[in-house]
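Visitor: Just dropping this structure here.
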Amino acid sequence: MNAIWIKDPMAILADGAERGVVAGDGKIVELVAKGAQPKTNAAAFEAGAHVVLPGLINTHHHFFQTLTRAVPAALDRELFPWLKALYPIWARMTPEALDLAMTAAMAELMLSGCTTTTDHHYVFPAGLEHGLDIEVAAAQRLGLRALLTRGSMNLSERDGGLPPDSVVQDEDAILADSKRVVDRYHERGEAAMVQIALAPCSPFSVTTSLMRETAALADRLDVRMHTHLAETEDENRFCESLYKCRPLDYLEDCGWLSGRVWLAHGVHFSAPEMPRLAKAGVSISHCPCSNQALASGGCPVCELEAAGVHIGLGVDGSASNDASNLMQEVRAAFMLQRGRYGVNKLSHKDALRWATKGSAACVGRPELGEIAVGKRADLALFKLDELRFSGHGDPIAALVLCGAHRADRVMVNGNWTVVDGAIPDFDLADLMRRHQAAARRLHG
Ligand SMILES: [Zn+2]
Numbered sequence: 001m002n003a004i005w006i007k008d009p010m011a012i013l014a015d016g017a018e019r020g021v022v023a024g025d026g027k028i029v030e031l032v033a034k035g036a037q038p039k040t041n042a043a044a045f046e047a048g049a050h051v052v053l054p055g056l057i058n059t060h061h062h063f064f065q066t067l068t069r070a071v072p073a074a075l076d077r078e079l080f081p082w083l084k085a086l087y088p089i090w091a092r093m094t095p096e097a098l099d100l101a102m103t104a105a106m107a108e109l110m111l112s113g114c115t116t117t118t119d120h121h122y123v124f125p126a127g128l129e130h131g132l133d134i135e136v137a138a139a140q141r142l143g144l145r146a147l148l149t150r151g152s153m154n155l156s157e158r159d160g161g162l163p164p165d166s167v168v169q170d171e172d173a174i175l176a177d178s179k180r181v182v183d184r185y186h187e188r189g190e191a192a193m194v195q196i197a198l199a200p201c202s203p204f205s206v207t208t209s210l211m212r213e214t215a216a217l218a219d220r221l222d223v224r225m226h227t228h229l230a231e232t233e234d235e236n237r238f239c240e241s242l243y244k245c246r247p248l249d250y251l252e253d254c255g256w257l258s259g260r261v262w263l264a265h266g267v268h269f270s271a272p273e274m275p276r277l278a279k280a281g282v283s284i285s286h287c288p289c290s291n292q293a294l295a296s297g298g299c300p301v302c303e304l305e306a307a308g309v310h311i312g313l314g315v316d317g318s319a320s321n322d323a324s325n326l327m328q329e330v331r332a333a334f335m336l337q338r339g340r341y342g343v344n345k346l347s348h349k350d351a352l353r354w355a356t357k358g359s360a361a362c363v364g365r366p367e368l369g370e371i372a373v374g375k376r377a378d379l380a381l382f383k384l385d386e387l388r389f390s391g392h393g394d395p396i397a398a399l400v401l402c403g404a405h406r407a408d409r410v411m412v413n414g415n416w417t418v419v420d421g422a423i424p425d426f427d428l429a430d431l432m433r434r435h436q437a438a439a440r441r442l443h444g
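When we follow my numbering, the leftmost residue of the sequence shown carries the number 1, and every step to the right adds one.
If you want it as structure tokens, here you go:
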């Protein structure tokens with residue numbers, strides 16, 4: 001076994017690991033306590049300048065939206081008009097542009113300390129039917145652990161939905177491709193690097209039939225399910241008008257109150273709805289920046305957790321955040337929720353917990369999100385050598401409070417994916433040049 005000892009860190013988010021952690025065979029094999037030596041024969045990585053966290057896990061994103069950050073037509077709009085401004089632009093994406101968008105999103109996440117990400121890819125215009133294949137290849141090139149979701153939309157304006165015809169597919173095509181990508185790419189087991197989930201986009205862009213058939217297919221294939229829910233008051237009104245019920249009732253009616261499910265946003269759940277989510281084992285991806293940018297509201301994290309619902313963290317798509325920086329999202333979550341709940345109900349450690357252990361529950365991977373023996377060796381190491389940290393006391397609190405935004409080292413499955421603040425063998429400047437050019441062409 002080629003083991004590595006992350007030795008004598010400045011600080012580490014784990015109990016009984018003052019002298020660091022030993023990784024081998026892709027797992028954490030040992031925590032080294034104060035005054036102890038590793039029992040495993042391991043090469044030392046001197047971590048005296050590093051604060052060590054469990055790798056951060058991003059539970060909601062739309063990578064393709066990195067091509068449409070800060071688009072003038074979508075500025076200063078709430079969700080529905082914001083989507084209507086962007087759908088026609090997304091419909092013009094090419095396979096090359098999509099590849100650049102996905103690569104850019106994942107690179108940005110990795111450099112912010114992310115070791116596992118999800119992506120909700122739901123736009124499949126003509127010519128981009130193989131979006132998931134492009135995405136899997138990009139994740140594998142970068143070495144990022146990924147739970148990629150085969151999203152879908154089949155309820156267009158013509159049938160009372162929000163999106164135009166140009167970005168929807170029919171139900172048979174969606175279900176056939178969903179099965180194809182699960183059969184082809186979904187890995188099982190604790191070391192899995194690529195997994196697939198099924199993810200109809202939202203109540204206002206998908207038919208009831210597709211919601212139900214997707215749930216049945218996910219059961220048959222034994223994969224997770226994801227969608228947007230309880231994001232805005234507009235969505236509540238849409239469900240009341242079309243389905244004569246609230247979004248959660250609609251979800252239940254579609255067979256979606258299941259432990260396979262994690263939901264993006266969860267802003268507008270009522271108090272009686274929260275225990276229903278908990279009982280079913282549904283978890284929530286909290287997306288604080290997106291919710292603030294679109295003025296959607298704020299997720300009631302403390303009430304949800306008190307009811308027994310797991311809370312993870314997501315950056316959401318890069319047209320509503322508009323960044324893909326997960327460490328900054330930890331700070332945003334802390335600030336938003338501290339303002340809401342006060343100093344006694346939550347601390348910076350809660351925000352870090354959402355981005356790690358809470359997010360691991362969202363993606364259904366209990367082997368991730370913690371620095372403990374037997375968990376996967378997914379770690380994020382930060383230095384406190386920028387002006388913003390100068391004068392700090394508690395190093396872990398400093399990451400959140402001073403605004404850490406770039407990891408110095410990141411490890412996935414025991415392999416370094418970020419070294420000295422960069423992705424090895426990866427030309428970031430070239431990617432940015434091509435990505436910006438693709439975005440310009442798309443905006444028209
Ligand atoms: Zn979203």
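Yeah, the Cβ is synthetic: ideal placement off N, Cα and C, and Gly gets one too.
1) Taking the beta carbon of HIS62 as the centre, do at least 16 other beta carbons fall within 10 Å, making it buried, or is it exposed?
2) For LYS244, which residues in the same chain have their Cβ closer than 7 angstroms to its Cβ, ignoring the five residues on either side in sequence?
3) Under a Cβ-count criterion, where at least 16 other Cβ atoms within 10 Å of its own Cβ denotes burial, should ASN41 be classed as buried or exposed?
4) Any heavy atom of ligand 1 inside 8 angstroms of the beta-carbon of SER205?
5) Apply the 10 Å Cβ neighbour rule to GLU273 and answer buried if 16 or more other Cβ atoms are within range, or exposed otherwise.
6) Could you please give me the residues that DSSP links to GLN195 through a beta bridge?
7) Could you tell me whether any non-hydrogen atom of ligand 1 is closer than 8 angstroms to the CB of SER320?
8) Does any CB atom of chain D fall closer than 9 angstroms to the CB of ASN41?
9) So what does DSSP say about GLU96, is it helix, strand or coil?
10) Would you tell me roughly how many angstroms separate the C-alpha atoms of ARG433 and GLY364, rounded to the nearest one?
11) Give a single yes or no on whether HIS268 has its beta carbon closer than 8 angstroms to a heavy atom of ligand 1.
12) Whose C-alpha, out of PRO38, THR227, PHE80 and LEU13, is nearest the C-alpha of ASP119?
13) For the pair the stretch 107-116 and the stretch 51-59, tell me if three or more CB-CB distances fall below 8 angstroms.
14) By the three-class DSSP mapping on this structure, what secondary structure does PRO200 have?
15) What does LYS345 pair with, by DSSP beta-bridge criteria?
16) Could you check if SER347 belongs to the surroundings of ligand 1, using beta carbon to heavy atom distance under 8 angstroms?
17) What whole-angstrom Cβ distance do GLY421 and ALA377 have, given they're in contact under 8 angstroms?
18) What's the gap between the Cα of CYS239 and the Cα of PRO203?
19) Within 10 angstroms of the Cβ of VAL181, are there 16 or more other Cβ atoms? Answer buried if so, exposed if not.
20) Do LEU13 and ILE371 count as a contact pair if the criterion is CB distance below 9 angstroms?
21) Could you pull the DSSP bridge partners for LYS383 from this structure?
22) By DSSP's criteria, TRP262 is part of a beta bridge. Which residues make up the other side?
23) Along the chain, where does the alpha helix (DSSP H) containing VAL309 start, and where does it finish?
24) Could you pull the DSSP bridge partners for ILE4 from this structure?
25) Please classify ASN2 as buried or exposed, where buried requires at least 16 neighbouring CB atoms within 10 angstroms.
26) Say the cut is 8 angstroms; is the CB of CYS287 nearer than that to a heavy atom of ligand 1?
27) Consider the C-beta atom of SER152 and the heavy atoms of ligand 1; say whether any pair is separated by less than 8 angstroms.
28) For LEU263 and THR207, which I take to be in contact (beta-carbon distance under 8 angstroms), what is that distance rounded to the nearest angstrom?
29) How big is the Cα-Cα spacing for ARG276 and GLY369?
30) Where does GLU46 land, buried or exposed, given buried means 16+ other C-beta within 10 angstroms?
31) Among PHE124, ALA101, GLU78 and GLY24, which one has its Cα closest to the Cα of ALA91?
32) If distances are taken between C-alpha atoms only, which option among ALA176, THR115, HIS265 and HIS443 comes closest to GLN140?
33) If the criterion is Cβ atoms closer than 9 angstroms, does the pair SER166 and ALA126 meet it?
34) Can you tell me whether PRO81 is buried or exposed, with buried defined as 16 or more other CB within 10 angstroms of its CB?
Guide: Judging by the given coordinates:
1) buried
2) none
3) exposed
4) no
5) Classification for GLU273: buried.
6) LEU147
7) yes
8) The structure shown has no chain D; it contains just one protein chain.
9) helix
10) 36 angstroms
11) no
12) THR227
13) Touching, yes.
14) strand
15) Partner(s): none; LYS345 has no beta bridge.
16) no
17) Between GLY421 and ALA377 the beta-carbon gap is near 20 angstroms, outside 8 angstroms, which marks them as no contact.
18) 7 angstroms
19) Looking at its Cβ environment, which holds 16 or more other Cβ atoms inside 10 Å, VAL181 is buried.
20) yes
21) HIS50
22) HIS226 and SER283
23) Per DSSP, VAL309 belongs to no alpha helix (DSSP H) and is neither H nor E.
24) DSSP output for ILE4 lists ALA23 and ALA43 as bridge partner(s).
25) exposed
26) At a threshold of 8 angstroms, CYS287 counts as near ligand 1, since its beta carbon sits closer than that to one of the ligand's heavy atoms.
27) SER152 has its CB no nearer than 8 angstroms to any heavy atom of ligand 1.
28) About 19 angstroms separates the two Cβ atoms, so there is no contact after all.
29) 25 angstroms
30) exposed
31) PHE124
32) THR115
33) yes
34) exposed
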